[in-house]
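Which chain is which? The protein sequence lines are A and B, in order.
Quick note on the numbering used here: the first sequence kicks off at 1 and runs consecutively.
Quick note on the numbering used here: the second sequence kicks off at 220 and runs consecutively.
Every residue, glycine too, gets a C-beta built ideally from N, C-alpha and C.
Every value quoted in this text rests on a predicted model; they were computed, and no experiment measured them.
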Amino acid sequence: MTLLSFARGPGMQVASLIFIAGMFWRLFGIFLLRRRVAHAAARHPFPIRLLGGAVTIFTRTIPRRTFWPRVGAGVALSYVFHVGLFIILFGGAPHILIIHEIFGLSWPGLPRGVIVIASGITLAALILLLVRRLTHPVLRLLSKPDDYISWAIVFLPVATGILLSGETIASYGTLLALHILSIEALMIWLPFGKLMHVSLVFAGRFVLGYNFSRKGAAT
Amino acid sequence: MNVISPPPAQQAPPPADVSRALRGFIADVGPTVALSLESCVHCGQCAEACQFYVQTGDPRYTPIHKIELFKQTYNRELGPFAFAYKFFGLAPALTTETLTEWQDLVYDSCNMCGRCSLICPMGIDIADLVEQTRHGMYQAGLAPQDFLGAIAEKERATGSPFGLTSEKFRDLLHEIGAAHGVEMHVDEPKAEIVPTVSSIDVKTYPGSMAAIAKILNHLGQPWSFRTDGFDADNASLTAGDRAGQDAVTQGIVAAAISCGAKTLVMPECGHSFTEMRWEAANAYGKDLPFRVLHITELMAENIQSGKIRVTKVKQTATYHDACQVSRRGGATAAPRVILAALGVDLHELEDAGDANWCCGGGGGVALIKRAQPLRDAAFAIKKKQIEASGAPIVYTSCSGCRQTLDHGGKASGWTTTVGSLLELVADNLAS
């Protein structure tokens, strides 16, 4: 069995299994805890509270204007990375092909040059985010091994993707295998670390928005 | 950057009780709190919303860092991967040393004002997590004794933070009524409206009780103070004494029910409002048989319906929002309705309303003696904003805020007048 066939076969199967089981385990572990019923008379009826939760998913995407001077630069850098990753993932032709194979959905890919530029910008943003984490006193204090593992595990697919696009340091097959393996590592780690925020971010914002709408308070 | 080192404790605290802290931390964890504890991405934005970090530059004051022990305990004992955290030692166990080390972070440097909850991109209500963390710290015996912890203990024993008995409160009300020429209603068998008081009002601003009486007399509905449940201050809440907090709340609920109250009115106080408005029904176990309104809500509602009529005042003033009433209580609009009806030329502060900065005294910090340097640092933001507004008077609707503004102003040689919105309305009722 070649490295590529391992990555495409058993590697992907094991990673998928761990990814799905881990996600379910963590989400069930959170949401199956005993819920306390809120008895206080709400300021708004249930539909408005639902709307408050849904709206908060979007409004928390950007901090309130009053916070911009203090957090604007960090947020902007984070957005460069997140948007870059989105462009690579959903604009790259090979990725769209895989999505089509699994879900049957397809759309036109972005030109290869755009993806290469997006990858370079994303990689640079990732490096700057790491430098910021290592040098900012607050981030240094807050950071745990999870933060650095998660950074590396996101960095690797982007880096191997760039190498793959140019068939640079190794054969296409080897680079493809490394790219797939790096994605599998990400899938395996995601449910256990902070990368889980890909799902928790929506739940967290919704719950806060719902609860604060109940109080008629700012979300 | 002005780094303020935490001053040494006034007296050596007793060794923290680790097992009680652990139980205190995880006792009330449900899905909402678990979601918050699982979600942090360590972005650090909450630090930039916190007055203590902004003013000192000390990263220890990062809000989410303040609840680190709670988070570690959750991960080890209750989280979905608790077995792994324990087996591989991924989250350290609580120790007396770490609990003691975190005491000033959980108490002295958090107003529970919720500004951090407003910025968190993950939707974590960090202020709520600090309240939960205090439950564990209180259980460990780490509520600062000088004075918050001691006051909470007195409240638990007597129902009042300063040990005010029913008899003394009754006498006090009649004295205040006589001094201000206001008819007092005390322990009436039936009352539609029941006002409560804050111990700060009792101690420092007794005129506010005359003001409430004056307004309720003006309204003309049956009303009465209750001496069997009157002090809503709830220092137990800010100290982290869950049982004491419930006891205070249940006492007030029982007193209001006993006279058939339809509306329970909370005084000019922040934390007591959030407690009674949003938590009392949970302590009671079902829907309350009466409404709970902050005094500003009662005044605004009745001004809008025409039942309270006020004369216009010729004043330029600014308004300081109490965090628990506005940002965390949902009553941001009420004081502005009142100020507009009074014809006040309102010069709003920068960040007024929901993004308002705390005065520095909230969350029981005003009751922690050694926290004064931190409190002053937080107050400096408010002072600067009030001065920038150009208004000679600042009104507020929280006696805790009023006291902090009064003290901070006096200490810094302020010429700005600090006033109560309640007393302003009472002084300007149309005959």
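Chain A residues whose Cβ lies nearer than 9 Å to that of residue i
i	result
S258 of chain B	K194, M196, H197, L200, V201, A203 and G204
I343 of chain B	G204 and L208
E411 of chain B	None at all; the shortest Cβ gap to chain A is about 17 Å.
is_contact[residue i, chain B] using C-beta, thresh 8 Å
i	result
A49 of chain A	In the sequence as presented, Ala is not what sits at residue 49 of chain A; that position holds Arg. No, because no Cβ of chain B sits closer than 8 Å to the Cβ of R49 of chain A.
P111 of chain A	no
G52 of chain A	no
L17 of chain A	no
R248 of chain A	Not covered by the structure: residue 248 of chain A. The range shown for chain A is 1 to 219.
P137 of chain A	yes
V71 of chain A	yes
L134 of chain A	no
W189 of chain A	no
K215 of chain A	yes
W25 of chain A	yes
First through last residue of the alpha helix (DSSP H) which encompasses residue i
i	result
V421 of chain B	S418 to K422
S616 of chain B	Neither: S616 of chain B is in no alpha helix (DSSP H) and is coded neither H nor E.
R140 of chain A	P137 to L142
T275 of chain B	Q270 to T275
I412 of chain B	Careful: I412 of chain B lies outside any alpha helix (DSSP H), inside the beta strand (DSSP E) at I412 to P414.
V201 of chain A	H197 to K215
I286 of chain B	No alpha helix (DSSP H) holds I286 of chain B; DSSP gives it neither H nor E.
F19 of chain A	M12 to F31
Residue span of the beta strand (DSSP E) that contains residue i, given as start and end
i	result
P592 of chain B	No beta strand (DSSP E) holds P592 of chain B; the alpha helix (DSSP H) holding it covers Q591 to S608.
R510 of chain B	R510 to H513
M485 of chain B	T482 to M485
H539 of chain B	T535 to H539
T56 of chain A	Run containing T56 of chain A: none in the beta strand (DSSP E); it sits in the alpha helix (DSSP H), F46 to T59.
G638 of chain B	T636 to S639
Residue i CB to nearest heavy atom of the ligand FAD below 7 Å
i	result
E394 of chain B	Ligands displayed in this structure: none; no statement on the ligand FAD is therefore possible.
Supposed close pair residue i, residue j - CB separation, criterion 8 Å
i	j	result
I471 of chain B	G448 of chain B	4 Å
P380 of chain B	D452 of chain B	5 Å
S182 of chain A	T168 of chain A	At roughly 16 Å, the Cβ-Cβ gap does not stay under 8 Å, so S182 of chain A and T168 of chain A are not in contact.
D573 of chain B	A218 of chain A	4 Å
Neighbouring residues, chain A, relative to residue i (Cβ below 7 Å)
i	result
R496 of chain B	A40
K505 of chain B	H39
P508 of chain B	Per Cβ cutoff of 7 Å: no residues; P508 of chain B is ~11 Å from chain A at best.
N294 of chain B	Residues of chain A passing the Cβ test: none, with the nearest at roughly 11 Å.
Within-8 Å CB hit, residue i to chain A
i	result
P225 of chain B	Its pLDDT being 47, under 50, P225 of chain B is placed unreliably by the model, and nothing is read from it.
T377 of chain B	no
I283 of chain B	yes
P554 of chain B	no
Q264 of chain B	yes
A228 of chain B	With a pLDDT of only 47 at A228 of chain B, under 50, the local geometry of the prediction cannot be trusted, and the value read off the model is given with reservation. Answer no: the Cβ-Cβ gap between A228 of chain B and chain A never drops below 8 Å.
L391 of chain B	no
F300 of chain B	yes
P380 of chain B	no
G549 of chain B	yes
H539 of chain B	no
H513 of chain B	no
A475 of chain B	no
N221 of chain B	Summary for N221 of chain B: the model assigns pLDDT 48, below 50, so the residue's position carries little reliability; its value from the coordinates is reported in the next sentence. Not one chain A Cβ lies under 8 Å of N221 of chain B.
P340 of chain B	yes
E520 of chain B	no
A500 of chain B	yes
P278 of chain B	yes
E407 of chain B	no
E516 of chain B	no
Where residue i meets chain A, residues with beta-carbon distance less than 8 Å
i	result
A649 of chain B	Neighbours of A649 of chain B on chain A: none; closest Cβ ~29 Å, over 8 Å.
D570 of chain B	T66
Chain B contact residues for residue i, given Cβ-Cβ distances below 7 Å
i	result
A218 of chain A	L337, R546 and D573
V55 of chain A	None at all; the shortest Cβ gap to chain B is about 12 Å.
R8 of chain A	Simply none; closest approach about 29 Å.
Residue i: contacting residues in chain B (beta-carbon distance under 9 Å)
i	result
F31 of chain A	P250, A253 and L254
Closer than 8 Å at the beta carbon, the chain B residues around residue i
i	result
S143 of chain A	H261
Quiz item: Is it true that the region 523 to 532 of chain B meets the region 497 to 509 of chain B, where meeting means three or more beta-carbon pairs spaced less than 8 Å apart?
Solution: No, the region 523 to 532 of chain B does not touch the region 497 to 509 of chain B.
Quiz item: Does the region 291 to 310 of chain B come within contact of the region 340 to 351 of chain B, defined as at least 3 CB pairs closer than 8 Å?
Solution: no
Quiz item: Are three or more beta carbon pairs between the region 324 to 336 of chain B and the region 571 to 588 of chain B nearer than 8 Å?
Solution: yes
Quiz item: Quick check: the region 415 to 430 of chain B against the region 442 to 457 of chain B, are there 3 or more CB pairs under 8 Å?
Solution: yes
Self-check item: Three CB pairs or more closer than 8 Å across the region 73 to 85 of chain A and the region 252 to 268 of chain B
Solution: yes
Quiz item: Should the region 191 to 206 of chain A be regarded as contacting the region 44 to 62 of chain A, the criterion being three or more beta carbon pairs within less than 8 Å?
Solution: yes
Quiz item: Do the region 144 to 154 of chain A and the region 97 to 113 of chain A meet, that is, are 3 or more Cβ pairs less than 8 Å apart?
Solution: no
Self-check item: Three CB pairs or more closer than 8 Å across the region 503 to 511 of chain B and the region 610 to 630 of chain B
Solution: no
Quiz item: Is the region 434 to 441 of chain B touching the region 406 to 425 of chain B, taking contact as three or more C-beta pairs under 8 Å?
Solution: In this structure the region 434 to 441 of chain B lies against the region 406 to 425 of chain B, because at least three pairs of beta carbons, one per stretch, are closer than 8 Å.
Quiz item: Quick one: any contact between the region 128 to 142 of chain A and the region 235 to 246 of chain B, if contact means 3 or more CB pairs under 8 Å?
Solution: no
Quiz item: Counting Cβ pairs, one atom from each stretch, are 3 or more of them under 8 Å apart for the region 512 to 522 of chain B and the region 450 to 464 of chain B?
Solution: no
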